[in-house]
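Taking it in order: structure first as structure tokens, then the write-up.
This is the structure in structure tokens:
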């Protein structure tokens, strides 16, 4: 089994961290490889960033489907940028890390809160909750006040996550979803410190992909996620040709 992880931003240090975390959770017979697209922002923290990231995500899904033999795809950004469009260009499973975290969180706990990056990113979290029909399950969404490009100081990031995580527990959350792929390494330590379930999105996405491929499930192509019609797309042909 071959799972391709697409980090929608172009910061390769983060992509490598995501890949390492995914490999640790994958089965021995699962091949994991992570990429950043050739185009896109170096961090995804606004609706503008998400729009710019989507073409690169779609491009990498097409490449993985047509050229690399990938069996499933993970979009490793908590806004799930390009998720719906990416499902149109392949019949193989495509899962966003927010989609995976929310699905597992809803299975395992009566509610959850979400920790995300910057205050300005709140609309991204609100949109992804609506996309996955989870508004009523969410107690709160809280920003840690650190941007993606400020993650070098791991101890400062962990302390910021714990501080806001405690506030999530005070909000009544019995599960905390880590709303950035760059938080994946902190899930277990936070779980022990806070005493509630803490889920990142990368590990659940890997395990869901493995299960979907095992079941030989394909994305339906009748209506919503049918393959796109062939048409001229000025300036983007080499990026998203299919």
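Numbering (my numbering), first residue to last: 174 to 415.
All C-beta atoms in this analysis are idealised placements derived from N, C-alpha and C, irrespective of residue type, glycine included.
Please identify the residue among the options whose C-alpha is closest to the C-alpha of residue i.
i	options	result
residue 320	330, 312, 311 and 314	330
residue 203	394, 396 and 382	382
residue 200	310, 401 and 175	175
residue 271	190, 252, 223 and 402	252
In this structure, what does DSSP give as the bridge partners for residue i?
i	result
residue 175	204
residue 287	314 and 350
residue 245	176
residue 275	Partner(s): none; residue 275 has no beta bridge.
residue 372	350
Hey, quick one: how far does the beta strand (DSSP E) through residue i stretch, first residue to last?
i	result
residue 229	Looking at the DSSP string, residue 229 is not in any beta strand (DSSP E); the run it does join, the alpha helix (DSSP H), is 220-236.
residue 314	311-316
residue 403	No beta strand (DSSP E) holds residue 403; DSSP gives it neither H nor E.
Return the chain-ordered list of same chain residues with a C-beta closer than 7 angstroms to the C-beta of residue i, the five sequence neighbours on each side being excluded.
i	result
residue 315	286, 288, 337, 340 and 341
residue 366	335
residue 282	347, 348 and 370
residue 227	254, 255 and 258
residue 317	288, 290, 333, 334 and 337
residue 218	290, 291, 293, 294, 320 and 321
Tell me which residue opens and which closes the alpha helix (DSSP H) that residue i is part of.
i	result
residue 368	Counting along the chain, residue 368 falls outside any alpha helix (DSSP H), and DSSP gives it neither H nor E.
residue 341	327-343
residue 376	375-387
residue 301	295-304
Beta-carbon within less than 6 angstroms of residue i's beta-carbon, same chain only, minus the 5 sequence neighbours each way: which residues are those?
i	result
residue 216	182, 321 and 322
residue 401	261
residue 205	176, 195, 196 and 199
Do residue i and residue j have their C-beta atoms closer together than 8 angstroms?
i	j	result
residue 354	residue 368	no
residue 198	residue 180	no
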